[in-house]
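This note's numbering applies: residue 118 is where the sequence shown begins, and numbers increase by one.
Backbone N, C-alpha and C define an ideal beta-carbon position, used for all residues, glycine too.
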Amino acid sequence: MTAHRVGIMGGTFDPVHLGHLIAAREVARIHDLDEVLFSPVYQPWHKQMRGLAPAADRVAMLELALADDPAFSVTTVDVDRGGDTYTIDTLNDLDALFAGKHLGEGVDWFFITGADAIAAFDSWKSTDELLSRARFIGVSRPGHDLRLPEVQGAERIELLDVDSADISSTEVRELASRGDSLAGLVPSAVEQYIVEHGLYRSPQS
Ligand code: ATP
Ligand code: MG
């Protein structure tokens, strides 16, 4: 019996943009993933200086962005747990969820992380355990060097050069705060949601 191959992409997704979708799609194609779960954080410890858009809005925008791809979906394990988000908790929660859903079937986990995120992997909690329980794929991101973090077991991380897009949520928020077009940066349904809900209207940090 073959194991279910599941990608996980964690992030603030404030908001989700086409760079996230392209990176996930590339890894899914190259690693023949059955599905990819996008897990928005509740409140990341390193972003506490800036107020995030409410989790409900970030989840709603992800749902709109992923609606056209049956292999992509949102998981709210991190939002539901609350507090700071640590990837080891994400993995534990998803493991428990999938043990119930896919009885007797193993799951191979693939964490999809952009170059900036994988470079900071040494600051994550339980890196050794994470590397033994899941595969980590660091994908290229314009403006960031793709390199292994300085952590024990780093050779188990795979670096993958993909054709990613030069887009960040920071840029999207800045444009939205000026009322500028977000065309080509986020799916049109996400742009519509941002406008309708007046998100990111105040100047962004
Ligand atoms: P912000 O500007 O607010 O930090 P962001 O664009 O970096 O937002 P995040 O939600 O912080 O988006 O990122 C979630 C994950 O997606 C991280 O692993 C990040 O490296 C990756 N990622 C984000 N944008 C890209 C991109 N354009 N190409 C490849 N990976 C990306
Ligand atoms: Mg980021």
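Asked	Found
Taking buried to mean at least 16 other C-beta atoms within 10 Å of its own C-beta, is P304 buried or exposed?	buried
Which of helix, strand or coil does DSSP assign to L302?	coil
In whole angstroms, what is the alpha-carbon distance linking S322 and L299?	Note that S322 has pLDDT 46, beneath the 50 cutoff, so the model's placement of it is unreliable and the number below is only indicative. C-alpha separation (whole angstroms): 18 Å.
How do the stretch 231-239 and the stretch 186-201 stand: do at least 3 beta-carbon pairs fall below 8 Å, yes or no?	no
Whose C-alpha, out of D206, V176 and T193, is nearest the C-alpha of Y310?	V176
Answer yes or no: do I139 and S281 have a C-beta to C-beta separation smaller than 9 Å?	yes
Between H314, V123 and L263, which has its C-alpha nearest V279's C-alpha?	L263
Using 10 angstroms around the beta-carbon of S156, count the other beta-carbons present and answer buried if the total reaches 16, otherwise exposed.	buried
Quick check: S190 and L183, are their CB atoms within less than 9 Å of each other?	yes
Could you compute how far the alpha carbon of G296 sits from the alpha carbon of V133?	18 Å
Flag S319 as yes when its Cβ comes closer than 8 Å to any non-hydrogen atom of the ligand ATP, and as no otherwise.	no
Excluding the 5 residues preceding and the 5 following R273 in the sequence, name in chain order all residues of the same chain whose CB lies nearer than 6 Å to its CB.	L248
What would DSSP say about G127, mapped onto helix, strand or coil?	strand
Looking at the ligand MG, does it come within less than 8 Å of T129, judged from the CB to the closest heavy atom?	yes
Assuming contact is defined by CB atoms lying nearer than 9 Å, are A188 and L150 in contact in what I supplied?	yes
Looking at I125 and T192, is the spacing between their C-beta atoms short of 9 Å?	yes
What are the start and end residues of the beta strand (DSSP E) that includes E152?	E152 to P157
Check the DSSP bridge columns for W241 and list the partner residues they point to.	Paired residue(s): none; W241 is not in a bridge.
My understanding is that H137 touches G128, with C-beta atoms under 8 Å, so please give their C-beta distance in whole angstroms.	7 Å
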